[in-house]
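A.B. asks:
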Amino acid sequence: MDGIINIYKEPGFTSHDVVAKLRGILHQKKIGHTGTLDPDAAGVLPVCCGKATKVCGLLTDKDKSYHAVCRLGIETDTQDISGSIIRQCSIAGITEQDILNCTSQFKGRIMQVPPMYSALKVNGKKLYELAREGQVVDRKPREVVIHTLEVKDTDLNNGRFSMDITCSRGTYIRTLCHDIGIQLGNAAVMEKLVRTRVSVFKIEDAITLSEVQQMAENHPERLKDYFMPVDMLFSGYKKAWIKPVFEKSLANGNKLSSNMFNDMEEDVKQGENILVYDGNGVFKAIYKKEEREYKVNKMF
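Take the sequence shown: its position 183, counted from the start at 1, is 280 in the numbering used here, and no numbers get skipped.
#1: Can you tell me which of Glu107, Asp250 and Ile371 puts its alpha carbon nearest to the alpha carbon of Glu387?
#2: Going by alpha carbons, who is nearest to Leu393 out of Val166, Leu142, Leu273 and Gly368?
#3: Run through the segment 314 to 353 for me and flag every whole alpha helix (DSSP H) of 4 or more residues, listed as ranges in chain order.
#4: Quick one, are the C-beta atoms of Ala216 and Thr150 less than 8 angstroms apart?
#5: As a quick exercise: from Pro326, Asp276, Leu197 and Gly333, pick the residue whose alpha carbon is nearest that of Lys381.
#6: Can we say the segment 191 to 209 touches the segment 239 to 258, given the rule of at least three CB pairs closer than 8 angstroms?
#7: Using the three-state DSSP reduction, which class does His130 fall into: helix, strand or coil?
#8: Hey, is the segment 357 to 366 in contact with the segment 329 to 342, meaning 3+ C-beta pairs nearer than 8 angstroms?
#9: Using a 10 Å radius around the Cβ and a threshold of 16 neighbouring Cβ atoms, would you call Met329 buried or exposed?
#10: Output the distance between the C-alpha atoms of Ile262 and Gly147, rounded to the nearest integer angstrom.
#11: Give the single residue among Asn377, Arg389, Val373 and Gly378 whose Cα lies nearest to the Cα of Lys395.
#12: Give me the DSSP bridge partner(s) of Glu240.
#13: Once DSSP output is grouped into helix, strand and coil, what is the label at Thr305?
#14: Can you give me the start and stop residues for the beta strand (DSSP E) that Gly100 sits inside?
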């Protein structure tokens, strides 16, 4: 299989678990995920198979959307509900308007200190490994972007509220919950997290591992319908089709010129990327226009 499948990762699975199980189901080794999702979290996990593994890093960089439930009055060592409680406090006096005023301050470009329980490395060792050894090390704040943050349901009787968030790569939603608690003069942890979107992959189109397994066993011919071709990730790019006589040049990643294309969408600007297809319409590469030539950016 070549392409990207939109997996609904269920709680209890790590992202690596999903990849391992898919390798067994699909009987192929070349499979990679597009960014970790905490074991307790659920939701969209695009998985790249075959030639599509070349875009794993690209999807990791894409904006993501989440639905999160935040629990007030509690602080844990992991910043989510699964951790050990460090502090508890009363939430008496906190109003819905307080929450709205507070969360509005976290929109746009903000600085986050990565949590100790994360996969980031310090001196070659993952932070969560150091945390499990009882160590706490200094972490530099990093800039992330919260594009949208909308408070949804508020249940102050039980100390909870939920948020819909769209954010940049590298944003820790549990750290966002933790920081909101601090800003409120209280404490907070992430109680639940569902990733609802990664780039063009939406939760309503996701498929569970068990559904993939059943399809592979009973209707393997239908599996291909759930794999998105790589070129669909680049819907805004112009396209060009190489003349058959120049297909070897394309296969070798050589420089191309306009006269080597059989058909081409016009008005390609300097520095612009285009999608290049062979004579049979199979997507082969991304090329960039430089002066009067096109130079290979990535081969597929």
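The beta-carbon is built from N, C-alpha and C at its ideal position, and this holds for glycine as well.
C.D. replies: To lay it out plainly:
#1: Nearest in C-alpha terms to Glu387, of all of Glu107, Asp250 and Ile371, is Ile371.
#2: Here residue 393 is Val; the residue named in the question, Leu, does not match the sequence. Of the candidates Val166, Leu142, Leu273 and Gly368, the one whose C-alpha sits nearest the C-alpha of Val393 is Gly368.
#3: Whole alpha helix (DSSP H) segments, 4+ residues: 344 to 348.
#4: One thing to note: Ala216 has its Cβ no nearer than 8 angstroms to the Cβ of Thr150.
#5: Answer by Cα proximity: Pro326.
#6: At 8 angstroms Cβ cutoff, the stretches touch.
#7: Strand at His130.
#8: In this structure the segment 357 to 366 touches the segment 329 to 342; the number of beta carbon pairs closer than 8 angstroms is three or more.
#9: Result: exposed.
#10: Between Ile262 and Gly147, the C-alpha separation is close to 31 angstroms.
#11: Here the closest residue by C-alpha is Val373.
#12: According to DSSP, which records beta bridges pairwise, Glu240 is partnered with Met208.
#13: In the structure shown, Thr305 sits in coil (DSSP, three-state: anything other than H, G, I, E or B).
#14: DSSP places Gly100 inside the beta strand (DSSP E), whose first and last residues are Gly100 to Lys106.
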